[in-house]
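In what follows, a structure is listed as structure tokens, so that the remarks can point back to it.
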Amino acid sequence: MTAQNTSGQFNPGTAIVQGGSSGMGLATAHRLAGRGIPLILIGRSLDKLERARDQIQAAHNVPVDLWTADVTNPGDVDQLVRQVGALDRPIGYLVNAAGYFSPKPFLDHDGADYDRYHAFNRGTFLLTQAVARNMARYKSGSIVNLGSMWAHQAIKATPSSAYSMAKAGLHSLTQHLAMELGDHGIRVNAVAPAVVETPIYSAFIPEDRIAETLKSGFDAFHPVGRIGTADDVAGTVDFLLSDDAAWVTGAVWDVDGGVMAGRV
Numbered sequence: 002m003t004a005q006n007t008s009g010q011f012n013p014g015t016a017i018v019q020g021g022s023s024g025m026g027l028a029t030a031h032r033l034a035g036r037g038i039p040l041i042l043i044g045r046s047l048d049k050l051e052r053a054r055d056q057i058q059a060a061h062n063v064p065v066d067l068w069t070a071d072v073t074n075p076g077d078v079d080q081l082v083r084q085v086g087a088l089d090r091p092i093g094y095l096v097n098a099a100g101y102f103s104p105k106p107f108l109d110h111d112g113a114d115y116d117r118y119h120a121f122n123r124g125t126f127l128l129t130q131a132v133a134r135n136m137a138r139y140k141s142g143s144i145v146n147l148g149s150m151w152a153h154q155a156i157k158a159t160p161s162s163a164y165s166m167a168k169a170g171l172h173s174l175t176q177h178l179a180m181e182l183g184d185h186g187i188r189v190n191a192v193a194p195a196v197v198e199t200p201i202y203s204a205f206i207p208e209d210r211i212a213e214t215l216k217s218g219f220d221a222f223h224p225v226g227r228i229g230t231a232d233d234v235a236g237t238v239d240f241l242l243s244d245d246a247a248w249v250t251g252a253v254w255d256v257d258g259g260v261m262a263g264r265v
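Position one of the sequence shown corresponds to residue 2 (the numbering used here), numbered consecutively onward.
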């Protein structure tokens, strides 16, 4: 299936969205579905995945497959790699959006905290490798990783050493893969959001208070005067995936309401 973006062409192929059941992953999946691109959503909760599929298919007539997996679990990652390898169709797009965030002072971190953050990178690395092998066979593909402003800038109010270390690694992986995979027709980019209203904050904020808490604490932190929405970020991811960004690879774009403008 070939889909067309009103602002740029999309190549044929399925889109895999890791972390596609909520937040920025789900918002991106909606945009891709709106272009007619078939989807594979990956997430830990089958209930959440099914709700996401129902939302997408209510608005867009595209096939949506669901793969239940925890990308921090090595066994689940091995299964994902096998599933990708068994696909008999091109994968045109990969969005790595799954994540976890719970600020904790460096002196209070333990090994389990550290391992949880970096397990996401291990799973992302191996899933991306499997997808890139598929893309290389078809000589085409676009990958976008969800990084973080915290990998660029330390914020004392949200101590995030292990999280930021992991996201900085993801930014670096983005640049290295752009160099290595370009000969195969594969572009690799990342976005680095600041504070965005998504369920990722439910690790330390009650879900029904996330919007209120973030707005009161962080609206003024952003030069544009507000925190971001999942769709703010998804719009940029959508662009980077499209052929309008055909000459963009290895980039880590700040999508942060202007935060990094005053911190360069």
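Positions of the beta carbon are idealized from the N, C-alpha and C atoms, including for glycine. As the structure is a prediction and not an experimental result, all values here were calculated from the model.
- Among the bridge pairs identified by DSSP, residue 255 is matched with 193.
- Judged by DSSP in its simplified three-state form, residue 100 adopts coil rather than helix or strand.
- Assigned with DSSP and collapsed to three states, residue 141 falls in coil, not helix or strand.
- Pairing residue 119 with residue 167 gives a Cβ-Cβ distance under 8 Å.
- Proximity to residue 130 across 114, 50, 154, 79 peaks at 79, based on C-alpha coordinates.
- At a Cβ-Cβ threshold of 8 Å, residue 102 and residue 72 do not count as neighbours.
- Residue 85 and residue 61 have their C-alpha atoms some 24 Å from each other.
- Bounds of the beta strand (DSSP E) holding residue 15 are 15-19.
- Counting along the chain, residue 43 sits inside the beta strand (DSSP E) bounded by residues 40-44.
- Under the Cβ criterion (8 Å, minimum of three pairs), the stretch 11-20 counts as touching the stretch 136-147.
- With respect to the 8 Å criterion, residue 59 and residue 30 are not classified as neighbours on the basis of their beta carbons.
- Shown here for residue 223: same chain residues with a beta carbon closer than 8 Å to its own, the five before and five after excluded, namely 195, 196, 229, 257, 258, 259, 260 in chain order.
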